[in-house]
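Here's the structure, in structure tokens; my notes come after.
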Amino acid sequence: MKTTASIVTYLTDSQELSLCVKSLLADGIDMVYIVDNSPGREIESLLHGNNAVTYIHNGKNLGYGTAHNIAIRRAMELGVEYHLVINSDVRFGHDTLGPIIRYMDANPGTGQLIPNMVYPDGSLQHSVRLLPTPADLILRRFLPDVLSRKLDNRYMLRFWNHSTPLDIPYHQGSFMFFRMSALKEVGLFDERFFMYPEDIDITRRMHRRYRTMFWPEVTVVHDHRAASYHSFRMLCIHMINMVRYFNKWGWFFDSERRRLNRATLDTISRLKD
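Numbered according to the working numbering, the sequence shown spans residues 1309 to 1581.
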């Protein structure tokens, strides 16, 4: 067994989940872990009879990173080489994961990879970003549009065409392809974060020791509902966990953030020249 994947569910649409699982199993994933944070077990019946799917019911919402860690620890016990953390609203065609695995096999210094990501209409999704400042993730929600767009253009790398592989310190958490030996070294998701900044935190820790690559040679589709923009409760969860993130890494004085972001911007500038 070489490659496993995990999906964390919470009152997840069954059709959406089925499509994602089928994409995974049809394209080289040996085992899919469904880690269900829902109070009930409604989705379990979808998975009966499939030996390549393991259903884990938590009975309560443990949070995104904590639930994925349950699956990752089980995968580590199997001795797999790679593990994919993926959202149920991601889908892709045949021969998407194969090229990723071959790239990882050929590049042992890469600890984490994210492919090109698009919305269902085919437009680019800005899934790799700079390490955020408080202004990027908190203040911009309350700024005038002209100022928030200026912040987004830099933070979300909107000015870059995303056509070239690039080592970037923050991968959005809907598709995170990990080298398991590297993950063992840097540690799993930080369970202090219930939801949202766990992807920033783990990519940043991986980036210290390994390349964390944006690799546009393959493309996946992500619906990306951005729940915190449509729900006050999710907005509050987002804000609370971002406070925890900045308490951990630093608010306005974060020399590593400044250095890594500058390195990323300098590399993009050289690519454009």
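Every residue, glycine too, gets a C-beta built ideally from N, C-alpha and C.
Quick one: grab the DSSP three-state call for Phe1501. Residue state, collapsed to three classes: coil.
With DSSP run on the structure shown, which of helix, strand or coil describes Gly1582? Outside the displayed span of the chain (1309 to 1581) sits residue 1582, for which this structure offers no information.
Taking DSSP as the reference, what is the three-state secondary structure of Val1388? In the displayed model, Val1388 falls within coil according to three-state DSSP, outside both helix and strand.
So who's on the other strand from Leu1421, going by DSSP bridges? Under DSSP, Leu1421 forms a beta bridge with Phe1485, Met1521.
Can you give the Cα-Cα distance for Ser1396 and Asp1338, rounded to whole angstroms? Between Ser1396 and Asp1338, the C-alpha separation is close to 17 Å.
Counting pairs of Cβ atoms below 8 Å between the stretch 1339-1351 and the stretch 1312-1322, do you hit three or more? Touching, per the Cβ criterion.
Where Tyr1537 sits in the DSSP three-state scheme: Any reading at Tyr1537 needs caution, since the residue's pLDDT is 46, under 50, leaving its predicted position unreliable; the model's value is listed next. Annotated three-state conformation of Tyr1537 is helix, per DSSP.
According to DSSP, is Leu1354 part of a helix, a strand, or is it coil? Helix.
Alpha carbon to alpha carbon, how far is Arg1349 from Asp1562? Distance between the alpha carbons of Arg1349 and Asp1562 is about 43 Å.
Candidates Leu1386, Ser1346, Asn1377, Arg1566: which alpha carbon is nearest Lys1368's? The shortest Cα separation from Lys1368 among Leu1386, Ser1346, Asn1377, Arg1566 belongs to Ser1346.
8 Å Cβ cutoff met for Met1582 and Val1526: Any property of residue 1582 remains undetermined from this structure, which presents the chain solely from 1309 to 1581.
Hey, out of Ser1353, Leu1421, Cys1328, Met1542, whose CA is closest to Arg1512's CA? Checked all of Ser1353, Leu1421, Cys1328, Met1542; the closest Cα to Arg1512 is Leu1421.
Residues of its chain near Tyr1537, where Cβ-Cβ distance is below 7 Å and the 5 sequence neighbours each way are ignored: Confidence in Tyr1537 is poor, its pLDDT being 46 and thus under 50, which makes the residue's placement unreliable; the coordinate value appears in the next sentence. Result list for Tyr1537: empty, nothing under 7 Å.
Following the continuous beta strand (DSSP E) through Tyr1341, name the residue where it begins and the one where it ends. Residues 1339-1344.
Quick one: give me the first and last residue of the alpha helix (DSSP H) that Ala1443 is part of. Run containing Ala1443: 1442-1445, per the alpha helix (DSSP H) assignment.
On the DSSP letters alone, give me the boundaries of the alpha helix (DSSP H) that Thr1404 sits inside. Counting along the chain, Thr1404 falls outside any alpha helix (DSSP H), and DSSP gives it neither H nor E.
Do the stretch 1406-1419 and the stretch 1354-1372 touch if we need at least three Cβ pairs shorter than 8 Å? Not touching, per the Cβ criterion.
With which residues is Ile1315 paired in a DSSP beta bridge? Ile1342, per the DSSP bridge assignment.
Among the residues of its own chain, which have a CB less than 8 Å from the CB of Ile1545, if the five just before and after it don't count? Correct list, in chain order: Phe1502, Met1503, Tyr1504, Ser1536.
Near Ser1326, what residues of its chain come up, given a Cβ to Cβ distance below 8 Å and the 5 sequence neighbours on each side ignored? Leu1354, listed in sequence order.
Extent of the continuous beta strand (DSSP E) run through Thr1362: Start and end: 1361-1365.
Nearest by alpha-carbon distance to Lys1556: which of Arg1381, Thr1441, Asn1377 is it? Per the Cα distances, Thr1441.
Bounding residues of the alpha helix (DSSP H) (the contiguous stretch that carries His1470): Unbroken run through His1470: none, as it is neither H nor E.
Would you call Arg1578 buried or exposed, if buried means 16 or more other Cβ atoms sit within 10 Å of its Cβ? Burial call: exposed.
Thr1572 - DSSP class collapsed to helix/strand/coil: Looking at Thr1572 - three-state DSSP - the assignment turns out to be helix.
Terminal residues of the continuous alpha helix (DSSP H) containing Asp1509? That run of the alpha helix (DSSP H) goes 1506-1515.
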